[in-house]
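Here the sequence shown is numbered in the numbering used here, starting from 66 and rising by one per residue.
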Amino acid sequence: MRKFLFTYIIFCLFALFVYNNAFSQYANNRKFISSLKTNLNLLNYDESDVLEYCADINFSKLSTESEFVNLGNEVYSLNNIAYNLYSDLQNLDHKTKCFLLYAMADLKTKTNFLYKDSEYLKNLDYLPILVSALDKHFVNSTTAYGLWALQFMPALRYGLSIDTCYDQRLEPQLSSQAAGKYLMDLQKSFGSWDYAIMAYVCGPTVVRKAMKNTNSFDETVNNLEANYKNYFYYYLAIVKWFSEKEIINPSFFVSEKFYDKDTVFVKDRLHFEQISEYLQLNLKELKEMNPLFVGNIIDGRNSEKEIYLPYGYKDRFIANKDSIIAFKDSIYFPVFQMPNVSDRSNANYVSISPGKDYEEIKHTIQTGDNLGSIAQKYGVRVSDLQDWNNIRGTNIYAGKVLSIWVKKGSALASNANSNKNDNNKATKPKPFNAAGYELVETITIAKGDSFYKISKNYSWASAEDIMYWNGIEDASKLQIGQKLKIYKKK
Numbered sequence: 066m067r068k069f070l071f072t073y074i075i076f077c078l079f080a081l082f083v084y085n086n087a088f089s090q091y092a093n094n095r096k097f098i099s100s101l102k103t104n105l106n107l108l109n110y111d112e113s114d115v116l117e118y119c120a121d122i123n124f125s126k127l128s129t130e131s132e133f134v135n136l137g138n139e140v141y142s143l144n145n146i147a148y149n150l151y152s153d154l155q156n157l158d159h160k161t162k163c164f165l166l167y168a169m170a171d172l173k174t175k176t177n178f179l180y181k182d183s184e185y186l187k188n189l190d191y192l193p194i195l196v197s198a199l200d201k202h203f204v205n206s207t208t209a210y211g212l213w214a215l216q217f218m219p220a221l222r223y224g225l226s227i228d229t230c231y232d233q234r235l236e237p238q239l240s241s242q243a244a245g246k247y248l249m250d251l252q253k254s255f256g257s258w259d260y261a262i263m264a265y266v267c268g269p270t271v272v273r274k275a276m277k278n279t280n281s282f283d284e285t286v287n288n289l290e291a292n293y294k295n296y297f298y299y300y301l302a303i304v305k306w307f308s309e310k311e312i313i314n315p316s317f318f319v320s321e322k323f324y325d326k327d328t329v330f331v332k333d334r335l336h337f338e339q340i341s342e343y344l345q346l347n348l349k350e351l352k353e354m355n356p357l358f359v360g361n362i363i364d365g366r367n368s369e370k371e372i373y374l375p376y377g378y379k380d381r382f383i384a385n386k387d388s389i390i391a392f393k394d395s396i397y398f399p400v401f402q403m404p405n406v407s408d409r410s411n412a413n414y415v416s417i418s419p420g421k422d423y424e425e426i427k428h429t430i431q432t433g434d435n436l437g438s439i440a441q442k443y444g445v446r447v448s449d450l451q452d453w454n455n456i457r458g459t460n461i462y463a464g465k466v467l468s469i470w471v472k473k474g475s476a477l478a479s480n481a482n483s484n485k486n487d488n489n490k491a492t493k494p495k496p497f498n499a500a501g502y503e504l505v506e507t508i509t510i511a512k513g514d515s516f517y518k519i520s521k522n523y524s525w526a527s528a529e530d531i532m533y534w535n536g537i538e539d540a541s542k543l544q545i546g547q548k549l550k551i552y553k554k555k
């Protein structure tokens, strides 16, 4: 009886182990397929072009003729993990398959120069599907970034330019070239493509550590973190799926939104909003024309940066370059100075009126405020704020109250005093009544947004209006992903 019970327990544990492995593999497959679908939906393709592209392709046949695929001049066989993902790819809906093939054709227009004549790199150009799921802004905790998920140090080693504001890993051709060179060196170092691809994904040091005391690739993979265990097998599935499909570059193929553009070079520090506001350009289109810039800052002080402008704006930019650099520079690039004791010791300082036609209002500094934005809000100069409040430099602190002098009877003063009085009341403001207003749109908060920045997009709205419409009293509580409603009087 005991022997039977022991055997039964062992059997149950084994069954549980098999079930957990199968469930884990299923979950990982679902996660990969879901990421791929999401990223394909974000690509800027015309659906009618995509469907026309694959109109004559037969997706219905599940090919089992060969269990082998070629990587360079090496041949690999698919295991069960690879076949499971291959089946998931075959079971994608028709539209997703079309978008996947079309996206790969797009990628090949950027990488064909690197791979078309090289048997050594055969079938290596599908790697972005594995490492980034075709997300050109992919990023992870290992410093991998971009379509090819190139890590920081290899990207620098193979010639890409990277700083906090600019990253050539976002440029498909340059990153493809760097990735190809890196892969070739990894293959030479490890001796085969299976180890080379895992080293590309995890890092060479991690793979060499996993190889310790074993000559088996499968055992090496088992020594890696769970997130990476199946990557090479997934890649075999991807290569097999694409090897059975015809990828062409159709004459109607448009890989990216096309712009007529001029090229200018910047050796200073600029903000994209300075350019867009001064030259009256659409900020979104300006950023789309310059995808290598991370965020909104162009920093050409250490190395000259190339930027693109809409066609016909080059001469205007060059003629007004100094003015653009100086435009709202105290807002976009406030000068940092070490705090001075006097900056924080104004309790006994009395602000002196600039004249009998002025009246004093109070502004309580909120988290995220700077002298430039406060000065712009009240229509005064930064130097005025410094003089009125005995401030040296531009360092200010949340919670401090500033004295601001404005013309008597001005609407701004009235509004500010109203806000001041509201702040002095213990009662909460009345909730917003939408009667008499129309809902213009609902926006989602992105990184870097503030109520002041959002209000600049709506000529009829102030930062306080947007807060009031959405029942928000503390501007510092704004969260990424939060929804805000924008109203306008009927």
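Built from N, CA and C at the ideal position, the CB exists for glycine as well.
- Rounded to whole angstroms, the gap between the alpha carbons of Ser100 and Phe516 is 32 Å.
- Beta-bridge analysis with DSSP links Thr509 to Lys548.
- Contact annotation, Phe398 with Arg334: C-beta distance approximately 6 Å; criterion of less than 8 Å satisfied.
- With a cutoff of 9 Å on beta-carbon distance, Leu116 and Lys310 are scored as not near each other.
- For Ser142, the enclosing beta strand (DSSP E) begins and ends at Glu139 to Ser142.
- Under the criterion of beta carbons closer than 8 Å, Tyr298 and Ile194 do not qualify as touching, at roughly 14 Å.
- Below 8 Å, too few C-beta pairs join the stretch 466–475 and the stretch 543–552 to call them touching: fewer than three.
- Burial check for Phe330: the Cβ neighbour count within 10 Å stays below 16, so the residue is exposed.
- Pairing Gly444 with Pro219, the inter-Cα distance amounts to about 49 Å.
- Take Lys175, set aside five residues on each side of it, and the residues of its chain with a beta-carbon closer than 8 Å to its own are Pro237, Gln238, Ser241 and Ser320, in chain order.
- Contact check for Leu251 and Leu189: beta-carbon distance about 11 Å, past the 8 Å limit, so the pair fails to qualify.
- Comparing C-alpha distances from Asn94 to each of Gly245, Phe133, Asn295 and Leu301 shows the shortest one belongs to Asn295.
- Given a length threshold of 4 residues, each whole run of the alpha helix (DSSP H) inside the stretch 223–265 is given here in chain order: 237–255.
- Between Asp325 and the set Leu374, Ala261, Lys370 and Ile363, the nearest pair of CA atoms involves Leu374.
- Taking all protein chains in view, the Cβ of Asn149 is crowded by 16 or more other Cβ atoms within 10 Å, so the residue is classified as buried.
- Under the three-state reduction of DSSP output, Arg273 falls in the helix class.
- In this structure, the beta-carbon distance from Ser395 to Val471 does not fall below 9 Å.
- The bridge partners DSSP lists for Asp364 are Arg334.
- Between the stretch 383–391 and the stretch 353–370 there are fewer than three inter-stretch CB-CB distances shorter than 8 Å, so the stretches are not counted as touching.
- Sequence-distant partners of Ala526 (beyond 5 residues in either direction) whose C-beta falls short of 6 Å from its own C-beta, in its chain, are Ser520.
- For Leu136, the enclosing beta strand (DSSP E) has its first and last residue at Phe133 to Leu136.
- Here the alpha carbons of Phe497 and Ala92 stand approximately 45 Å from one another.
- In the structure shown, Pro496 adopts coil according to DSSP, grouped into three states.
- Under the three-state reduction of DSSP output, Val466 falls in the strand class.
- Rounded to the nearest whole angstrom, the C-alpha separation of Tyr118 and Tyr502 is 47 Å.
- Between Leu108 and Ala168 a beta carbon distance of about 6 Å is seen, short of the 8 Å cut, so the two are scored as contacting.
- With a threshold of 16 other beta carbon atoms within 10 Å, Lys162 meets it and is buried.
- In the DSSP assignment, Phe164 is bridged to no other residue.
- CA-CA distance, Lys187 to Gly437, rounds to 56 Å.
- In the same chain as Leu301, and ignoring 5 residues on each side of it, the C-beta atoms closer than 7 Å to its own belong to Val134, Tyr141, Leu143 and Ala147, in chain order.
- Collapsing the DSSP output to three states places Leu186 in a helix.
- The C-beta separation of Ile340 from Leu357 comes to about 15 Å, leaving the pair out of contact by the 8 Å criterion.
- Per DSSP, Leu346 lies in no beta strand (DSSP E) segment and is marked neither H nor E.
- The distance from the Cβ of Lys473 to that of Glu424 is about 5 Å, consistent with a contact at the 8 Å cut-off.
- Only buried fits Thr285, as 16 or more other CB atoms lie within 10 angstroms of its CB.
- About 19 Å separates the CB atoms of Trp258 and Leu172; that is not less than 8 Å, and the two are not in contact.
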